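Chains as they are written, first to last, in the working numbering: chain A, 1 to 241; chain B, 1001 to 1241.
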DNA sequence: CTTTGTGATCTACACTGTATAGATCTACAC
DNA sequence: GTGTAGATCTATACAGTGTAGATCACAAAG
């Protein structure tokens, strides 16, 4: 039944967390579930569907139970974060319009999720957010943006941009796009020596310094916030456009 | 030699363009090159390296020859765009600070590249930009941001954010993350009917309308531009911070 | 003519996802 | 108890993957 499916998804998740996504084969998942590979198919359909099921389960674990999801404003830290204490630095209490803490919490939840399950980043970023769980978190973003005063026709676009930045940042962080590809700085400099790179030259002191990714995430979030607020302001100033 | 390698990369690229990335197997590439699979290894090293080589070649084709790359301001449309005429809508001529047209051209070049080679989106987004070709386009972005007045310590962060948005948008467009997963709206609504989704409800008219991706890309670029300009302004107003 | 080196080949291994057909168990009717 | 229907799992097989290891063909050097 349904619990057999959960058992299978659990096995697949454990496997991915321990040995990476490439270790998730139908045979390996089957063995871990104590069953033969073909026995998985009635429950998960196919390999691709199994992967979708895995992200679905991740989102289920992440989001708070439906009961709390009434549309009323929630308190700041608890929603959508499985380990809020260390992961969600307290903000100066801006009590009245709480759309920002809510958005912030979602952003951190997504980033923390990717940190805990790096293999999921590629899937989260590539597959459409069509599962019920994913729709729920998108809905939270919609609500926050509406509360922030973003004009309704713009909300879905801004949501896409927001999630692109946040998921993209997290995926790049764990996926190595922001890294140096494993070359040490000397070798890297050698590779790039043959061509004129005036920008790199001018920025050299800052490029060589190590990056504080937590701070960068904070800065990106701040940029997104001003972006959202400017959308709202523009709307308020001339509602015709 | 080196031209044998190019021959192999050409075969792999053609294969990917015609039948998708999954059709790029060592055996298939070998057959198309007129050689046995194992003969590829001295030239490309491994499958992963072959894929890296493919994106490298894409970037080489895209960027203008090194000669033009002197750091002097270039004319608006030509740089970094393989098919500028239809793909790069003319902007109102803001002649004096041309950092924006330059950035815009790069953004469109990246998006057009992904449109022409959808298979490359995942690779572009996941692998670090360490090849000489990639470094060159990053350098262009650095220069544009510096010209825009972005403070030097912020430039690399803003560059990362910029490329995350642009590559992320393009990848999501062709990869289906922005889509509905192949379900028609009725089925989709049925899937989501069981739970309260106040945001979706409030936005329903706008969510059902088809999305103009070109316009959305324009709007995202406009947002990025104001973001960059606000960075520059903040810096000008109080240079200490 | 022999030797050396280089590039391509052949074979083989350990995998992958999954279609198909058969086996095994459970539950209920008679 | 016996028979049977349905669900669940298993066994086998196929066509494919990337690539390690050994072999082979052939041009240039001694």
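Glycine residues also receive a C-beta, built at the ideal position from the N, C-alpha and C atoms. Nothing here was measured: the structure is a model prediction, and the numbers come from that model.
Here residue 1180/B has 1188 as same chain residues with Cβ atoms under 7 Å from its own Cβ, once five neighbours each way along the sequence are excluded. C-alpha of residue 4/A to C-alpha of residue 131/A: approximately 20 Å in a straight line. Residue-level contact check: residue 1179/B touches chain A, since one or more beta carbons of chain A fall below 7 Å from its beta carbon. Of all residues in the region 1124-1136 of chain B, the ones placed with a Cβ closer than 7 Å to any Cβ belonging to chain A are 1125, 1126, 1127, 1128, 1130, 1132, 1135, 1136, in chain order. Non-local C-beta neighbours of residue 123/A in its own chain, meaning closer than 7 Å and more than five positions away in sequence, comprise 51, 55, ordered along the chain. Under the Cβ criterion (8 Å, minimum of three pairs), the region 165-175 of chain A counts as touching the region 210-228 of chain A. Against chain A, the CB of residue 1162/B has no partner CB under 7 Å away; the residue lies outside that interface. Per DSSP, the unbroken alpha helix (DSSP H) holding residue 157/A starts and ends at 152-175. Rounded to whole angstroms, the gap between the alpha carbons of residue 1229/B and residue 1146/B is 11 Å.
Comparing C-alpha distances from residue 1032/B to each of 1197/B, 1232/B, 1011/B, 1224/B shows the shortest one belongs to 1011/B. For residue 168/A, the nearest CB of chain B lies under 7 Å from its own CB, placing it at the interface with that chain. Ranked by Cα distance from residue 1153/B, the first of 39/A, 199/A, 111/A is 199/A. For the pair residue 98/A and residue 233/A, the Cα-to-Cα distance works out to about 17 Å. Annotation: residue 1026/B to residue 1116/B spans about 23 Å, alpha carbon to alpha carbon.
Under the rule that a run must span 3 or more residues, no beta strand (DSSP E) segment is found entirely inside the region 1112-1140 of chain B.
Where residue 10/A is concerned, the enclosing alpha helix (DSSP H) starts and stops at 2-19. DSSP places residue 1038/B in no alpha helix (DSSP H); its state is neither H nor E. If you ignore the 5 residues before and after residue 1014/B, its C-beta comes within less than 6 Å of no other C-beta in its own chain. Not one beta carbon of chain B lies nearer than 7 Å to the beta carbon of residue 218/A.
About 6 Å separates the beta carbons of residue 169/A and residue 1164/B, which is inside the 8 Å limit, making them a contact pair. Distance between residue 1037/B and residue 1023/B, taken at the CA atoms: about 14 Å. At a beta-carbon threshold of 8 Å, the residues of chain A lying near residue 1206/B are 152, 153, 155, 156, ordered along the chain. Interface annotation for the region 8-25 of chain A against chain B: empty, criterion Cβ-Cβ distance under 9 Å. Contact annotation for residue 1049/B against chain A: no contact, minimum CB-CB distance about 12 Å [criterion: below 8 Å]. Secondary structure of residue 194/A (DSSP, three-state): coil. Judged by DSSP secondary structure, residue 60/A falls within the alpha helix (DSSP H) whose first and last residues are 47-62. For the options 202/A, 160/A, 57/A, 110/A, the alpha carbon positioned closest to that of residue 1151/B is the one of 202/A. If the five residues before and after residue 9/A are omitted, its C-beta is found closer than 7 Å to the C-beta atoms of 53, 54, 57, all from its own chain and listed in chain order. For residue 1221/B, the CB contacts under 7 Å within the same chain, skipping 5 residues up- and downstream, are 1104, 1107 in chain order. Nearest to residue 178/A by C-alpha distance, out of 210/A, 186/A, 156/A, is 210/A. When 1063/B, 1006/B, 1207/B are compared, the shortest CA-CA separation from residue 1042/B is found for 1006/B.
Cβ-Cβ separation between residue 1140/B and residue 1102/B: approximately 7 Å, consistent with a contact (criterion under 8 Å). Secondary structure of residue 209/A (DSSP, three-state): coil. Restricting attention to 207/A, 133/A, 114/A, the CA atom closest to the CA of residue 20/A is found in 114/A.
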